[in-house]
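Now the structure itself:
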């Protein structure tokens, strides 16, 4: 059964080989039967002629002649069988080897267009929608399949290009009015004759405006992360993590949260801007959804084939069944306790960025409260970046321990 789950070229070659072996064996057996019948008929005629030369009353001579003729006939037939089986078997074996080799060659030629389609599909999975199969072959089933695939790629390329244009236009159309509103509010608040009520209203409007700006930035980042990652270069995850942690120091001080760094060099090939946003979102979430006097630990680890970013924090107790919903857009960590902090896109962006680089993001609850979020990033450029492989869960005994 293992054979039928393997390479299609191997399976076709084996089918050709078996069919030829069965057909050749059948032809050899049929030849033996036909030759045996022909030889038996010819020998009988030859012996009959020898019987006619005897005198009618020579019974003893007839008996001796019959015994000798039967022995000679059987010896001739046995020799013929052995000779035909040996030489015919060798011929069949040589032809079987030649046909098997020819079957391997022919099946390779027949499957070459399918190999081209498969290779193109792999490149498309690597986010290169501009490539086409453009199969140069006579009309047929494979040519029709390749042309249909090219037509599908044309539509996909147009759709992704339209999505990119929409993101760019949305960024301009959404950010411009909000920036204008912020400017008008700041001008109104800066007037010398502005009463305290206006200043208080302006501060509230600026806070709402800032929240809208962050929401729009998060939505655009999420959209870009789910699109192609166009800029990849060698970067050290530890350096990006250090920058992200430094940018959240003031936020951690306001929330009375201690941030612990355990950063070791972890080089990867990635988009540094998206990767820094990923780590920043992790640390920002870990600080915001924490408790006074709590802690956040940020780790970067280099493995043989991938790098890891592990962020663990104290906080509210989270059940294991609630964790998968946290990666859905607009799902906040503490919705269940009535908090309205954040936009609910932090972990969604984290997973989208990780998967755009061929990795993944996982989370497990910490004993005593909080989360351990683990991001896996390939060390080298993945040919199938876009949807990362599933990885094993993080053992809470090693990544969730209290660092204090």
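Numbering (the working numbering), first residue to last: 10 to 413. Glycine included, C-beta positions come from ideal geometry on N, C-alpha and C.
On a Cα-Cα basis, can you pick out the residue from 331, 356 and 132 that is closest to residue 289?
Mapped onto the chain shown, residue 289 falls at position 280. Measuring from the Cα of residue 289, the nearest candidate turns out to be 356.
Going by beta-carbon coordinates alone, are residue 305 and residue 269 separated by less than 8 Å?
As a working note, residue 305 is residue 296 in the chain shown. As a working note, residue 269 is residue 260 in the chain shown. Their beta carbons are under 8 Å apart, which means residue 305 touches residue 269 by this criterion.
Which term fits residue 178, buried or exposed, when burial requires 16 or more other beta carbons within 10 angstroms of its beta carbon?
Stepping through the chain shown from its first residue, residue 178 is reached at position 169. The residue is exposed, with fewer than 16 neighbouring Cβ atoms inside 10 Å.
Taking a contact to mean a Cβ-Cβ separation below 8 Å, would you say residue 29 touches residue 113 in this structure?
Taking the chain shown and counting its residues from 1, one reaches residue 29 at position 20. Taking the chain shown and counting its residues from 1, one reaches residue 113 at position 104. No, the pair does not count as a contact, with Cβ atoms beyond the cut-off.
As an exercise, report each continuous beta strand (DSSP E) stretch of at least 3 residues that is fully enclosed by the segment 225 to 290, in chain order.
Correct list: 242 to 245, 267 to 272 and 276 to 279.
For residue 311, which option in 181, 245, 80 and 201 has the closest C-alpha, if you only look at C-alpha atoms?
Numbered from 1 along the chain shown, position 302 holds the residue referred to as residue 311. Closest by alpha carbon: 245.
Do you know how far the Cα of residue 22 is from the Cα of residue 81?
Position 72 of the chain shown, counted from the start, is the residue given in the question as residue 81. Position 13 of the chain shown, counted from the start, is the residue given in the question as residue 22. So the alpha carbons of these two residues sit roughly 46 Å apart.
Measuring CB atoms only, is the segment 120 to 132 touching the segment 153 to 170, in the sense that at least three cross pairs come out at less than 8 Å?
Output reads yes: the segment 153 to 170 touches the segment 120 to 132.
Pop quiz: residue 211 and residue 266 are said to be a contact at Cβ under 8 Å. What is the actual Cβ separation, rounded to whole angstroms?
As a first step, residue 211 is located in the chain shown; it is residue number 202 there, counting from the start. As a first step, residue 266 is located in the chain shown; it is residue number 257 there, counting from the start. With 8 Å as the limit, residue 211 and residue 266 do not qualify as a contact, their Cβ atoms being about 30 Å apart.
Is the segment 360 to 376 close to the segment 248 to 266, with three or more CB pairs under 8 Å?
Result no; under three Cβ-Cβ pairs closer than 8 Å.
Using a Cβ-Cβ cutoff of less than 6 Å, which residues in the same chain neighbour residue 52 once the five nearest sequence positions on both sides are dropped?
As a first step, residue 52 must be located in the chain shown, where it is residue number 43. Only 82 meet the Cβ criterion.
Where does residue 376 land, buried or exposed, given buried means 16+ other C-beta within 10 angstroms?
Working through the chain shown from its first residue, we reach residue 376 at position 367. Exposed, because fewer than 16 other Cβ atoms sit within 10 Å of the Cβ of residue 376.
Expressed to the nearest angstrom, what Euclidean distance is found between the alpha-carbon atoms of residue 172 and residue 164?
Counting from 1 along the chain shown, the entry for residue 172 is found at position 163. Counting from 1 along the chain shown, the entry for residue 164 is found at position 155. The alpha-carbon atoms of residue 172 and residue 164 are separated by roughly 12 Å.
Have a look at residue 218 and residue 297 and give me their C-alpha separation to the nearest angstrom.
Mapped onto the chain shown, residue 218 falls at position 209. Mapped onto the chain shown, residue 297 falls at position 288. Between residue 218 and residue 297, the C-alpha separation is close to 19 Å.
Do residue 309 and residue 418 come within 8 Å of each other at the CB atom, strictly closer than that value?
This structure does not reach residue 418, given that the chain is present from 10 up to 413, and the question cannot be answered.
Determine the direct distance from the alpha carbon of residue 33 to that of residue 101, and round the result to whole angstroms.
Taking the chain shown and counting its residues from 1, one reaches residue 101 at position 92. Taking the chain shown and counting its residues from 1, one reaches residue 33 at position 24. Each residue's Cα considered, the two are about 6 Å apart.
As a quick exercise: from 142, 107 and 199, pick the residue whose alpha carbon is nearest that of residue 121.
Taking the chain shown and counting its residues from 1, one reaches residue 121 at position 112. Cα-wise, what sits closest to residue 121 is 142.
Under a CB-based cut-off of 8 Å, is residue 365 close to chain D?
Absent from the structure: chain D. Only one protein chain is present.
Would you tell me roughly how many angstroms separate the C-alpha atoms of residue 174 and residue 206, rounded to the nearest one?
Working through the chain shown from its first residue, we reach residue 174 at position 165. Working through the chain shown from its first residue, we reach residue 206 at position 197. So the two alpha carbons sit approximately 42 Å from each other.
Rounded to whole angstroms, what is the Cα-Cα separation between residue 64 and residue 90?
What you label residue 64 is simply residue 55 of the chain shown in a count that begins at 1. What you label residue 90 is simply residue 81 of the chain shown in a count that begins at 1. Low local confidence applies: a pLDDT of 48 at residue 64 is under 50, so the model's placement there is unreliable, and no value is given.
Can you have a look at residue 17 and say buried or exposed, based on whether 16 or more other CB atoms are within 10 angstroms of its CB?
Within the chain shown, residue 17 is the residue found at index 8, counting from 1. The residue is exposed, with fewer than 16 neighbouring Cβ atoms inside 10 Å.
Based on Cα-Cα distance, which residue from 327, 387, 361 and 166 lies nearest to residue 380?
Looking up residue 380 in the chain shown gives position 371. Minimum Cα distance to residue 380 is reached at 327.
Taking DSSP as the reference, what is the three-state secondary structure of residue 145?
Indexing the chain shown from 1 puts residue 145 at position 136. In this structure, residue 145 counts as coil in the three-state DSSP scheme.
Anyone know if the C-beta pair for residue 293 and residue 241 falls short of 8 Å?
As a first step, residue 293 must be located in the chain shown, where it is residue number 284. As a first step, residue 241 must be located in the chain shown, where it is residue number 232. For residue 293 and residue 241, no; Cβs fall outside 8 Å.
Would you tell me roughly how many angstroms separate the C-alpha atoms of residue 254 and residue 19, rounded to the nearest one?
Translated into positions along the chain shown, residue 254 becomes position 245. Translated into positions along the chain shown, residue 19 becomes position 10. Computed Cα separation, rounded: 54 Å.
What residue range is occupied by the uninterrupted beta strand (DSSP E) comprising residue 311?
For the purposes of this step, residue 311 is identified with residue 302 of the chain shown, where counting begins at 1. Looking at the DSSP string, the run of the beta strand (DSSP E) that includes residue 311 is 304 to 311.
Can you give the beta carbon distance from residue 307 to residue 382, rounded, assuming they're within the 8 Å contact cut?
On the chain shown, residue 307 is found 298 positions in, with the first residue counted as 1. On the chain shown, residue 382 is found 373 positions in, with the first residue counted as 1. Between residue 382 and residue 307 the Cβ distance is about 10 Å, and since that is not below 8 Å, they are no contact.
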